[in-house]
Structures are given as structure tokens and as C-alpha cells.
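Engineer: Here's a structure for you.
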Amino acid sequence: MPKVDDELNRRLRSASQQIRTDHVLAGIDQKRRRGEIRRRIGAVGLAVVVLGATVGGFLVLQRAFRGDDEFVAEPPAIQNGPLVVVVGDPADRGSTSSSYRSTGRPPYGSHRPGTGSTGLRALRRTDAP
Amino acid sequence: MRLQRERGRVLDDSELREFVRDDYPRLVNAVAMVTGSFASAEDAVQEALARAWIKSERGETIASLPDWVAVVAFNLSRSRWRRVLAERRATALLPGRAPQMPSEDFVDVTRALAILPRRQREVAVMRYLLEMSTREVAQATGVGEGTVKNSLSKARAALAKQLDVVDEEVADDAEGR
């Protein structure tokens, strides 16, 4: 080792101070305990954050995609016409096919509107719309 | 450094006491020479030791405890916030404890080191005070041996100039001319 290295080594060592070590072990133990507590708090905090983010995300998505929003359709501009049903082959221009129009009335007896079957009245082909 | 033990187990009380007795004062001085503060140096070395303890409790291996503690303590001492807190705590303890007054030699050395960049300061202290080889310094700091040699050479020249250390080989060459 060159002389200058020896001299620097000597100077740094002679500059070293006496260090009290009586309180050191207690200090290390305290820091170790603090480190443990900090790590546990960190782990619990991380778990809480992950759980909160999961639940929060779920709720936000549920709210965004829920289907309970009522959709109110506008009333039709014109009233629907009567239902016309063609029975038979429409291509067949013979006398076998018939058209029927909804009468809106029950075929027999009476029941509340909108329930039960509706009677059909046979039309001549010329009556069909 | 001298203590080279393979560890894969919990640091026991006697090992810790031995370390505190033999290596702790030197490490505190080394960190204090780099930072210029004994309070923050003690805080950093104690924190590093506490981390080594926790690490050993988890079954992790530390090849050389003094080297590991030195590097962690140097890294911790870089935090300005940690330094301020440590100094504040030390000031709060002053009524019960005598303050650590630096010697004249310590002030001279610290002042000479202070003009060096941080990396050169650390390398110089590891080499000249902790007596680590170039290879050990390279391993501890995680840089190449060439980089350590280069830093050490610059630090050596600057410290020799600041501390009026005459390089006899250079002086002899100059006189011989």
C-alpha cells in the first residue's frame, strides 16, 4: 500500500470518535418492533385498499349496467289498424285462402278487455286492406 | 472486513452484542464522516441493524453482516428527511445525555471529505476507515471494480491535498528531477 494510503488510513482512524454503545441494543429493539408494526399496518392497509377497490368497482359497474331504469315509450303517432291474418297460401289466388280481421270482441261470452281470445271475422278477399 | 459468516438463522443476542461492541462504533464513525452528523449516523446504523435482524428472522441470508449494515446505513443516510428527524430526536434527548462533540481531527477529515462527491466519499471511507478491499467495496456498492478504483484514485488525490498528506513517491520523483 502506498504511503499516502497508510497516512489516510491513519488520519481517518485517529479522527474516529468514541461512541457510546449502552443504549444501542434498546434502540435496535425499538426500531425492530416499530418496523414490524409498520409492516403489519402496511399489509392490513394494502388488504383494505384492495378489498375497497374491488367492492367499489363492483358497485360502480353494477350501477352503470343495472336494468331497472324505466323506459317509457312514446305513444304511437297513429292508431294501429285492425289485425289482419291471412289463412292459407297467399300465393294461391284460388278460393281456398281467406282473410280474417280482428273484431276486438270475444267470440263468445264476455270477459275483461285485453284478456281471453279475440274473435275473427272472415272477410272476402276484396275486403282485405 | 473481518467478520465473514454465513447466516441463515436468527441473529442471537450474543452476536448482536459482539457486533455492537466491535463494529458498531466504526460504522457510526464511517457514516458520520460521510454525512457530518453523529445523530443521523447512529440512527442509520441502528435502523440497518434492525432490518438485518428482521431479515434473519425471516430466514434470509446475510453473507457479511458488517458489509451489509454499512451499505444499508449509507443508503439510509442519504435521506435528508430521515437525517432531520434523527437530529431532532437527538436534540430532544440532550437534557439527559451529553452531546457528542466532534474532535478537531474529525472536523478536519469531515471537511476534507465534504468537498468530494458522495460516491467518492463513501468509497474513501469504506476503504480507509472500514478497511474494505477494492473488491469488497465494489460488491457492497454494486459497481464495477474499475469504477471503484477510479473513484478511489480521485478521492485519494483530493484528500491528500486537503489534509496535507505528502505522497512520498511523487515527492521523491520531483526531488530527483
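Chains A and B supply the protein sequences, listed in that same order. Using the working numbering, the letters of the first sequence correspond one by one to residues 1 to 129. Using the working numbering, the letters of the second sequence correspond one by one to residues 1001 to 1177. By construction, the Cβ of each residue, glycine as well, lies at the ideal position given by its N, Cα and C atoms.
By the 10 Å Cβ neighbour count, where 16 or more other Cβ atoms means buried, how is Ser14(A) classified, buried or exposed?
Structural biologist: Label assigned to Ser14(A): exposed.
Engineer: What residue range does the alpha helix (DSSP H) around Val1109(B) cover?
Structural biologist: Segment Glu1104 to Ala1114, the alpha helix (DSSP H) holding Val1109(B).
Engineer: Checking 8 Å against the spacing of the C-beta atoms, do Val1143(B) and Arg1127(B) come in under that value?
Structural biologist: Cβ distance not < 8 Å, so Val1143(B) and Arg1127(B) don't count as in contact.
Engineer: Keeping to the same chain, check which residues put their C-beta closer than 8 Å to that of Glu1122(B); ignore five residues upstream and five downstream.
Structural biologist: Excluding residues within five positions, the ones whose Cβ falls inside 8 Å are Val1034, Phe1074 and Thr1141.
Engineer: Strictly below 8 Å CB to CB, what residues from chain B border Arg40(A)?
Structural biologist: The premise fails here: Arg40(A) is roughly 12 Å from chain B at the closest Cβ pair, so nothing lies under 8 Å.
Engineer: Return helix, strand or coil for Ala1063(B), following the three-state DSSP convention.
Structural biologist: Here Ala1063(B) sits in coil by DSSP.
Engineer: Below 8 Å on C-beta distance, what does Val1165(B) contact in chain A?
Structural biologist: Going along chain A in sequence order, the residues near Val1165(B) (Cβ under 8 Å) are Val4, Glu7, Leu8 and Arg11.
Engineer: Short of 8 Å in beta carbon distance, which residues of its chain neighbour Leu1113(B), apart from the five on each side in sequence? Order them along the chain.
Structural biologist: Hits under 8 Å: Met1033, Val1034, Arg1121, Ala1124, Val1125 and Leu1159.
Engineer: Give the interface partners of Leu25(A) over in chain B, defined as CB-CB distance under 9 Å, in chain order.
Structural biologist: Those within 9 Å of Leu25(A) in chain B are Asp1013, Leu1016, Arg1017 and Val1020.
Engineer: So, under 8 Å CB-CB, Lys31(A) and Ala1050(B) are touching, yes? Tell me the CB distance rounded to an integer number of Å.
Structural biologist: Confirmed, Cβ separation roughly 4 Å.
Engineer: Counting only Cβ pairs nearer than 9 Å, list the residues of chain A close to Arg1051(B).
Structural biologist: In chain order: Lys31, Arg32 and Gly35.
Engineer: Within the 8 Å Cβ cut-off, does Gln17(A) reach chain B?
Structural biologist: So, interface residue.
Engineer: Using CA atoms only, rank isn't needed, just tell me which of Val1045(B), Ser1056(B) and Val1109(B) is closest to Arg10(A).
Structural biologist: The shortest Cα separation from Arg10(A) among Val1045(B), Ser1056(B) and Val1109(B) belongs to Val1109(B).
Engineer: Let me know if Ala73(A) comes out buried or exposed under the rule of 16 or more other beta-carbons within 10 Å of its beta-carbon.
Structural biologist: Ala73(A) is exposed by the Cβ-count criterion.
Engineer: Cβ atoms of Ser16(A) and Arg1021(B): under 8 Å apart, would you say?
Structural biologist: Cβ distance not < 8 Å, so Arg1021(B) and Ser16(A) don't count as in contact.
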